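Asks:
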Amino acid sequence: MAASTRPTERPQRPVESLDPATGEVWKRFETVTAQGVFEAVDRAKNAQRDWAGQPVGARVRIVRRFHESLYRRRHEIARALTRENGKPVAESIGSEIAIALDFANYYARTTPRFLRAPWYNAGALSMKRKRVRVSHEPFGVIGVISPWNYPFMLSAGVVIPALVTGNAVLLKPSEFTPETGELLASLFAEAGVPTGVFTVLQGDGSTGAALCDSGIDKIFFTGSVNTGRRVAVKCAERLIPCALELGGSDAAIVLADANVHHAASGIAWGRFSNAGQTCVAPKRLYVEAPAYDAFLAALGDAVRSLKVGAGGTQETDIGPMIRADAVTALESQRDDAIARGATIVATATKPDSNGSFFAPTVLANVPADARVLLEETFGPLLPVVRVKDADEAIMLANDSKFGLSASIWSSDTARAARLAQRIEAGSVVINDAVVIAGMADVPHGGVKQSGIGRTHGKAGLEECVRTKATVIDRFTSWRQAWWFGYSPAHDAGIDAYVRVAHSHSVLEKIRALPTFVKFIFKPRRPV
Ligand code: NAD
Numbered sequence: 007m008a009a010s011t012r013p014t015e016r017p018q019r020p021v022e023s024l025d026p027a028t029g030e031v032w033k034r035f036e037t038v039t040a041q042g043v044f045e046a047v048d049r050a051k052n053a054q055r056d057w058a059g060q061p062v063g064a065r066v067r068i069v070r071r072f073h074e075s076l077y078r079r080r081h082e083i084a085r086a087l088t089r090e091n092g093k094p095v096a097e098s099i100g101s102e103i104a105i106a107l108d109f110a111n112y113y114a115r116t117t118p119r120f121l122r123a124p125w126y127n128a129g130a131l132s133m134k135r136k137r138v139r140v141s142h143e144p145f146g147v148i149g150v151i152s153p154w155n156y157p158f159m160l161s162a163g164v165v166i167p168a169l170v171t172g173n174a175v176l177l178k179p180s181e182f183t184p185e186t187g188e189l190l191a192s193l194f195a196e197a198g199v200p201t202g203v204f205t206v207l208q209g210d211g212s213t214g215a216a217l218c219d220s221g222i223d224k225i226f227f228t229g230s231v232n233t234g235r236r237v238a239v240k241c242a243e244r245l246i247p248c249a250l251e252l253g254g255s256d257a258a259i260v261l262a263d264a265n266v267h268h269a270a271s272g273i274a275w276g277r278f279s280n281a282g283q284t285c286v287a288p289k290r291l292y293v294e295a296p297a298y299d300a301f302l303a304a305l306g307d308a309v310r311s312l313k314v315g316a317g318g319t320q321e322t323d324i325g326p327m328i329r330a331d332a333v334t335a336l337e338s339q340r341d342d343a344i345a346r347g348a349t350i351v352a353t354a355t356k357p358d359s360n361g362s363f364f365a366p367t368v369l370a371n372v373p374a375d376a377r378v379l380l381e382e383t384f385g386p387l388l389p390v391v392r393v394k395d396a397d398e399a400i401m402l403a404n405d406s407k408f409g410l411s412a413s414i415w416s417s418d419t420a421r422a423a424r425l426a427q428r429i430e431a432g433s434v435v436i437n438d439a440v441v442i443a444g445m446a447d448v449p450h451g452g453v454k455q456s457g458i459g460r461t462h463g464k465a466g467l468e469e470c471v472r473t474k475a476t477v478i479d480r481f482t483s484w485r486q487a488w489w490f491g492y493s494p495a496h497d498a499g500i501d502a503y504v505r506v507a508h509s510h511s512v513l514e515k516i517r518a519l520p521t522f523v524k525f526i527f528k529p530r531r532p533v
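If you read the sequence shown in the working numbering, its first letter stands for residue 7, the second for the next number, and so on.
So, in C-alpha cells, the structure goes:
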C-alpha cells in the first residue's frame, strides 16, 4: 500500500491496566479504531502548522512547564507506574521520572542552539560566490510506538525532542501500560501543548499498525525485533523514515583485573533491576578464567540477598514480570539451558502469590547452543560463561545477531576503552551497565538486529528533523562560467578550474591560473 488508504472498522476491546503483582485489573481505557487513528493524524497535521510556526522559545517554555508538573507530581506518577508495570517505586522514580526530567532539561537547554541556522560562505572554489544556510525543519506528524518496560522515560525521551523541534506527536503506548500514556497526555496538556499537537492513541498492535498506514511522516518504534521488522516494512511501503530501537542480548565482560565485588553488585543490578526486563541489561556474561570463581561467588551472594515482591512494598528489590506469559517464556529458556547441561548457581526466593514473579537466577556451564545465549532473555535470568581471555570474550560477545549495548568491567579503564572499540554494539559502558539508555546527552541505539537510528542526545534531535539547505548566489547579472555557450575556450577553462582546484602539484596550479581567471571573468557568447 503506497499511499494511505482509510480503513473502516469495528471498535477494539478496551485495553486494561493490570497490576502484575496481584493480577488485578485496576483501570480500563477505550481504544481508538483505525479510522480514528487516521482522523487523529489529520487533526495533528492541522495543529502542527501553528505549532511549528511558533518561536522555539515558546515551545521550550512548554517543555519547562512539563518539567515543573512532572517534578511536582512525581510521587503520584511513580505510584501509578509501579502499579501498572510492577517495578519498585525506587525504580519508578529513579529510572523513569528522574530520567524524563533530565530529558526535559536537556532538550529545553540545547534545542534553541540546535535549530539555529546561520549563513556561511560555500567552500568549493567554484562556489565561492554563494552563501549557504542549513536549517532543520520538523517532519510534520511523528508517530511514537512505545513498549511497556520503561513506558514513561522511553516515551518522554522521544516525544520531548519531537515536540520541541516543531512536530506534532501521536503516541501509541503499549497495551500493557495505557495509564502511563494517559499520564503523559495530562502532563503535556497541563504544560500548555495545544490541542491536536500531542495525542495518545490507546490500543494494541493493530492500532500501531494503523498508525504506520496513516498519513504519518515518521515513526519512532521501540519494541521487539519481530514487530520492528513489521513496522519497517510498512514504512518502506509508504517511503517514510522510521527509527527502530529493538531488542538486545548485551554481553558483559568481566576481566581478570576487575574488582569482583563491585562488578558482581553492578551486574546484579543491571541484569535484575526492572525484573530483568531492560533492553540494555547485561544478558550474557563472559568472565575471564582467573576471576571466574571469585566473581561467581560474589554474584551468587548478591543474588541470594535480593528481595522479590510487590513493587509498592518498601525494600522490594525485584518486582513481578509484566505478565504470566512472560514468566512462562523465561522458564522455557531456563529449562532449555538446564536440559543442555547448564547448572543453577544461585536463585533468590520469590513470593507465594498470584503475581507474575520469577526468582532471579544465575546459570553456569551454559553451552553455546542454549537459547539463553542465542535469543533475547527478557527477565531476571543470567547465564555466565567462563572464557580464557579478553579476545575470546570479545569474539563470543560479537557472535550474536544483536548489537544494542555491552559492558566491560576492569580496573584498567584505558585498556577496557580500547577493547570497547572491538565490540559490535551501539554503545559500551565500562564499570557500569544499563545507564546508557537514561543519559539525556548520550545517543542510544543499536547495530545489527538491535535497531536503526538513534534516540537521545543531539542525535535524538537530528532524528526529529529534516535537514534543508538554502543556497544564494549573490550576483544577479554575472553569469556562471559553466553555463551554456560551450566552445574549445570553455573546455580549456573548465579543465583549468579542475587543475587549480585539484592538482597535487603547486606548479601545475600556478600554470592553470591565468586560463582559469580568464574563464571566470571574460564575457562569453551568452545563451
Ligand atoms: P512489542 O514489539 O511486543 O510491542 C511494542 C509496541 O509495538 C507496543 O506498543 C505494541 O502494541 C506495538 N505493536 C505490536 N504489533 C504492532 C504492529 N504490527 N505494528 C505497529 N505496532 C505494533 O515489544 P514489547 O514487548 O512491548 O517490548 C519489549 C521489547 O522491546 C524487548 O525486545 C526489548 O528489548 C525492546 N526494547 C528495546 C529498547 C531499545 O531502546 N532498544 C527499549 C525498550 C524495549
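All C-beta atoms in this analysis are idealised placements derived from N, C-alpha and C, irrespective of residue type, glycine included. Remember, predicted model here, so these are calculated numbers, not experimental data.
Give the DSSP-derived three-state secondary structure of R89 in the structure shown.
Replies: The answer is helix: DSSP assigns R89 an H, G or I state.
Asks: Contact defined as beta carbons within less than 8 Å: I believe G92 pairs with A281. What is the distance between those atoms, to the nearest angstrom?
Replies: Indeed, because the Cβ distance is near 6 Å, the residues count as touching under 8 Å.
Asks: Give me the DSSP bridge partner(s) of P144.
Replies: The partner list for P144 (beta bridge, DSSP) reads V471.
Asks: Could you say which of L177, F182, T183, E181 lies nearest to A191 if we only look at CA atoms?
Replies: The residue with the shortest Cα to Cα distance from A191 is L177.
Asks: Classify A8 as buried or exposed, calling it buried when 16 or more other Cβ atoms lie within 10 Å of its own Cβ.
Replies: Any reading at A8 needs caution, since the residue's pLDDT is 45, under 50, leaving its predicted position unreliable; the model's value is listed next. Exposed.
Asks: Using only the heavy atoms of the ligand NAD, determine whether one of them is closer than 6 Å to the beta carbon of I151.
Replies: I151 Cβ: within cutoff of the ligand NAD.
Asks: Provide the residue span of the beta strand (DSSP E) that contains E30, from first to last.
Replies: Counting along the chain, the beta strand (DSSP E) containing E30 begins and ends at 30-35.
Asks: Need the endpoints of the alpha helix (DSSP H) that R310 sits in, please.
Replies: 295-310 is the extent of the alpha helix (DSSP H) around R310.
Asks: Does the count of Cβ pairs from the stretch 504-518 and the stretch 169-176 closer than 8 Å reach three?
Replies: Contact between the stretch 504-518 and the stretch 169-176 is absent, because fewer than three Cβ pairs lie under 8 Å.
Asks: Use the C-beta contact count for E181: other C-beta atoms within 10 angstroms, 16 or more gives buried, fewer gives exposed.
Replies: The residue is buried, with at least 16 neighbouring Cβ atoms inside 10 Å.
Asks: Quick check: the Cα distance between A348 and F384, rounded to an integer number of angstroms?
Replies: Approximately 18 Å between the Cα atoms of the pair.
Asks: Nearest CA to the CA of A86: which residue from E74, A64, I99?
Replies: It is I99.
Asks: Of the residues H496, P26, A443, which one's Cα is nearest the Cα of S101?
Replies: Residue A443 is the option with its Cα nearest to S101.
Asks: Taking P529 as the reference, give the member of D501, S511, A495 with the closest Cα.
Replies: Closest by alpha carbon: A495.
Asks: Between which residues of its own chain and A304 is the CB-CB distance below 6 Å, once the five residues before and five after are set aside?
Replies: Once the five neighbours on either side are set aside, the close Cβ partners of A304 are V266, H267, A270.
Asks: Identify, in the order they occur along the chain, each residue of the same chain with its Cβ nearer than 6 Å to the Cβ of F522, setting aside the five sequence neighbours on each side.
Replies: A502, Y503, V506, listed in sequence order.
Asks: So, is M401 buried or exposed, given that buried needs 16 or more other C-beta atoms within 10 angstroms?
Replies: It is exposed - the Cβ of M401 has fewer than 16 other Cβ atoms within 10 Å.
Asks: Since I believe G59 is in contact with E251 (beta carbons under 8 Å), could you give me their beta-carbon distance rounded to a whole number of angstroms?
Replies: Wrong, their Cβ atoms sit about 30 Å apart, outside the cutoff.
Asks: Answer yes or no: do F35 and P157 have a C-beta to C-beta separation smaller than 7 Å?
Replies: Contact flag unset, no.
Asks: Is the distance from the Cβ of V199 to the Cβ of I68 below 7 Å?
Replies: Contact flag set, yes.
Asks: Give me the residue from I328, A295, A274 with the minimum Cα distance to K313.
Replies: Of I328, A295, A274, the residue nearest in Cα terms is A274.
Asks: Mind the definition here: the stretch 284-299 touches the stretch 385-401 only if three or more C-beta pairs lie below 8 Å; say whether that holds.
Replies: Counting Cβ pairs under 8 Å, three or more are found: they touch.
Asks: Assess, as a yes-or-no matter, whether the stretch 411-430 is touched by the stretch 369-384 under the definition of 3 or more beta carbon pairs within less than 8 Å.
Replies: They do not touch, by the three-pair rule.
Asks: With contact counted as at least three CB pairs below 8 Å, one residue from each stretch, are the stretch 126-141 and the stretch 74-83 in contact?
Replies: Taking 8 Å as the limit for Cβ pairs, the verdict is that the stretch 74-83 does not touch the stretch 126-141.
Asks: Which one of I225, R346, G361, E337 has the shortest CA to CA distance from A316?
Replies: When only C-alpha atoms are compared, the closest one is G361.
Asks: Using DSSP bridges, identify the partner residues of S456.
Replies: Bridge partners of S456: none, in fact.
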